[in-house]
Amino acid sequence: MATHYRWDDLPREELGPLIGRRLVTGERLMLAHVYLAKGAIVPKHSHDNEQLTYILEGTLRFWLGDDESEVVDVAVGDVLHIPPNLTHKAEALEDTLDVDIFAPPRADWLDGSDTYLRS
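Position in the sequence shown (first residue = 1) + 2 = my numbering.
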């Protein structure tokens, strides 16, 4: 059966003073709205999930790789593909709304064990 969602009807989880999110999870993928205030940091991490990040508002700066040698600014309308197990971190250069798509769904986001992201 199909399920219809409205973002404004979904609970917004506050992970700290600068980061919040709303989630829609299917059987094999996850879609998230991630709200980042200017200056918010997503600490360095990696995961087995393939990720697409699509920016609706604002700009995120990503540092990619264990040595953070690749730096990419992802702005409104841009999409960044992050393959499984690629170490990355991000900073909101301005207030940002991004759409993250994960396959498979992030188990740590669903069970609350994503301590790297919570402040």
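Just so you know, even glycine gets a beta-carbon here, dropped at the ideal spot from N, CA and C.
{"Query": "Determine the closest residue to V73 out of H90, E59 and D80, with distance taken between C-alpha atoms.", "Result": "H90"}
{"Query": "Opposite R30 in the DSSP bridges: which residues?", "Result": "Answer by DSSP bridge pairing: none, since R30 is not bridged."}
{"Query": "Taking the straight line between their C-alpha atoms, what separation do you get for H83 and H49?", "Result": "13 Å"}
{"Query": "For L58 and P86, I'd like the C-alpha separation in whole angstroms.", "Result": "23 Å"}
{"Query": "Who are the Cβ neighbours of D68 in its own chain at under 7 Å, not counting the five residues just before and after it?", "Result": "T89"}
{"Query": "Can you tell me which of the three DSSP states D97 falls into?", "Result": "coil"}
{"Query": "Could you check whether the stretch 15-31 touches the stretch 109-120, counting it as contact only if at least three pairs of C-beta atoms, one from each stretch, sit closer than 8 Å?", "Result": "yes"}
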